[in-house]
Every structure is written in structure tokens, then in C-alpha cells.
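Just so you know, we're using my numbering here: the sequence shown kicks off at -4 and counts up by one. Report on the following structure.
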Amino acid sequence: MPQELIYFGITTAITIAVGIIGYFLKQTIDRINKAEILMQEQREMQYTLSEKYATKAEVAEIKATMQKLTDNIDYIKEHTTKNEDFIRTMTRLESKIDSYCNK
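As C-alpha cells, this is what we get:
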């Protein structure tokens, strides 16, 4: 009988120890899973933010492109005829042709 009581006490202690170890192991695994989920969400947010905002290199490229466009607009303003000037010149030309033909 005392051996059975010792055997019962040892098996009960082992069972309790395995239960406690299992409990803490489950808690650790749950924390790891939550951390992985949070990390995945952070990666997705970072990817979304990286699409939303430009890097310094992209900003520099955009500035260079804007400068080229500004230069091209200035060139066009200097080297092309305005619509009003064209219409005025064509009207004069037509009136000269009409006056020449009517003579």
C-alpha cells in the first residue's frame, strides 16, 4: 500500500508537471502566432505606404522631369505663333488677296 501511494503521488506529480508545461507551451505558441500576424500586418502596411509615398530618388526624378517640361513650355511660348496672331495675320492676308482680286 505505501508503494502504491508513492506511485500514485509520483504519477500525479508527473501529470501536473506535464499539464503545467503544456499550458505554458500553448501560451508561448499563441504569443508567437499573434506576433506573426502582427508582423504580417506591418509588412502589408509598409507595402501600402511605400506605394503611397515617393522615395527621395523618385522625387528627384519627378523634379527633373518637371524642369524639362517647364523648359519645353518656355521654348514653345518663345518659338510658336499664338492663335490670335495667326488669325490676325490670316485676316490681313485674306483682305489683301480680296483687294487684289477685286481690282
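We put the CB at the ideal spot given by N, CA and C, even for glycine. For clarity, every value in this text was computed on a predicted model and none was experimentally measured.
Per DSSP, T50 lies in no alpha helix (DSSP H) segment and is marked neither H nor E. N28 sits in a helix when the DSSP states are folded into three classes.
For M34, the three-state secondary structure derived from DSSP is helix. Counting only runs that start and end inside the stretch 64 to 98, the alpha helix (DSSP H) elements of at least 4 residues fall at 78 to 96.
One alpha carbon belongs to A8, the other to G17, and they sit about 14 Å apart.
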